[in-house]
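Heads up, the thing below is written out as structure tokens.
Residue numbers (mature numbering (1 follows the signal peptide of the UniProt record, and there is no 0)): -21 to -1, 1 to 332.
If you want it as structure tokens, here you go:
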């Protein structure tokens, strides 16, 4: 995960020397200020950790909660690895003293919510990983102090609700992973102020609708992943609002209703120079019934032909009906005139006597 860190661990392991303040369950590498307590079946964060610790590896233990004093006095900490534990509870002020922390990994735990003060004190954090947990709700307060954050991974959770503007304080964010959650819509304001965002992964959710203004602020977006959702139609304006230099879009694995409207939208998207649909050849029709299972690319040229033919038939039918009505009206008018000419003059007839 962290190549530089792996190299440092490799070299520092050659000169491992547990210091006087190093907990018995850990290895402390004095030359690099790395502390490794990985896979020790620990139930809580060890006490008496060296104050100069730069990286703390607590992966693969049995923590169920993090208390407010868990990382007290670790002012030099830059990387904190807590993945693959059983953490359910993050107590208030859990990370308050870690003002210089840059990377925090909480993946593969049992966390169901981020406390409102979760981000307080984490103003230097650049990467936050919380995938494979049990988060269902995301609020603005939980993330508001992460002004230096560049990478945020919330994938493989149970997120069904994201508060409007939850990410608005993350102006430096470049990568946002929300794949494999339970989101059913992308609403306007979700990604407001994320002008530096380059990657947005919304794949494998339940998204069936996208607000037209959803991506308006994403001026740096390079990859938009929407595959594996419940999209059946799209609005062209949603993507026209992506004012970027180049954006790749992924939309396969959705139940597309293959009709003329869909063909026109995709046609317009591909005609925009900076928009690229990477997986168009893999799109499959879910409807109408006669096209179910068909590859969109194999029928897209025919989708508007049927509609055009229908319109043409209706137009011709209306035209023929109008012409027939005009002809009948003209015929009736002529018959009426002939009848008037053939009628006798009546009482004005002259008599020869």
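Heads up, the beta-carbon is just placed ideally off N, CA and C, and yes, glycines get one too. Bear in mind that the values here come from a model prediction, so they are computed numbers and not experimental data.
- Restricted to the region 93 to 176, the alpha helix (DSSP H) segments that are unbroken, complete and at least 4 residues in length are 119 to 122, listed in chain order.
- Nearest Cα to residue 39 within the set 33, 47, 26, 15: 15.
- Straight-line measurement puts the Cα of residue 226 at about 29 Å from the Cα of residue 84.
- Looking at the DSSP output, residue 188 shares a beta bridge with 164.
- Annotated as distal: residue 133 and residue 162, with beta-carbon spacing of 8 Å or more.
- Straight through space, the alpha carbons of residue 270 and residue 100 are spaced by roughly 55 Å.
- Between the C-alpha atoms of residue 70 and residue 53 there is a straight-line separation of about 17 Å.
- Bounds of the beta strand (DSSP E) holding residue 266 are 264 to 266.
- The beta carbon of residue 21 sits closer than 8 Å to those of 4, 37, 40, 41, 42, all from its chain and outside the five residues before and after it, given in chain order.
- By the criterion of a C-beta distance shorter than 7 Å, residue 212 is surrounded in its chain by 236, 240, 241, once the five residues flanking it on both sides are discounted.
- Of the candidates 91, 98, 130, the residue whose Cα lies closest to the Cα of residue 112 is 91.
- DSSP links residue 7 through a beta bridge to 14.
- In this structure the region 144 to 164 lies against the region 179 to 191, because at least three pairs of beta carbons, one per stretch, are closer than 8 Å.
- Only residues of its own chain outside the window of five on either side were considered, and among them 256 have a CB closer than 7 Å to the CB of residue 249, listed in chain order.
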